[in-house]
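In the numbering used here, the protein residues as written are 69 to 223.
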């Protein structure tokens, strides 16, 4: 009988920790978005490395930097004890997954097009930073998708 009790308390504890998973996902998302933004700052300031379409820069900054602000606010509200309604949390996380994935894929596409350019040999460090930023944005999108799942299940 004591074994069943310890197993049930362990299961209860695990469920309690799983309810906090969206909070920890938001912290990871915030860190990944900050890293992606830091990596892309140098390449976007170089005139030779900017994507030909200025809208690509805007999409990245709106998506990734916007979710830095949104996640910072959601983390602070969680720490202050405020609860975000489930539908609102789902909308934020689903849109974060879509926007971060889009921003990351655009950067990777621009890097791929840029790598065939003759200027690439002189700015390889910046182009590597651009693809790394795109990769971090795509990884953040995966964490947003995981966050969406756990928010839907446990919130």
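Ideal Cβ placement from N, Cα and C applies to all residues, glycine included.
For residue 106, the closest C-alpha among the options 206, 219, 218, 197 is that of 197. Residue 152 places its beta carbon 8 Å or farther from that of residue 137. Of the other Cβ atoms in all chains shown, 16 or more fall within 10 Å of the Cβ of residue 97; this residue is therefore buried. Cβ-Cβ distances below 7 Å link residue 201 to 104, 107, 108, 175 in the same chain, with the five nearest sequence neighbours on each side left out; the list follows chain order.
Using a 10 angstroms sphere on the CB of residue 77, the tally of other CB atoms stays under 16, which defines it as exposed. The alpha-carbon separation between residue 181 and residue 148 amounts to approximately 46 Å.
Residues 135, 212 of the same chain have their beta carbon placed closer than 6 Å to that of residue 164, with the five preceding and five following residues left out of the count.
Contact between residue 93 and residue 218 holds: CB atoms are separated by about 7 Å, below the 8 Å threshold. Nearest neighbour of residue 155 by Cα position, chosen from 167, 221, 199, turns out to be 221. When the Cα atoms are used, residue 110 and residue 80 turn out to be separated by approximately 48 Å. Residue 139: member of the alpha helix (DSSP H) spanning 134 to 147, first to last residue.
A Cβ-Cβ distance of about 16 Å is found for the pair residue 216 and residue 131, leaving them out of contact under the 8 Å criterion. Here residue 223 carries a coil assignment [DSSP, helix/strand/coil].
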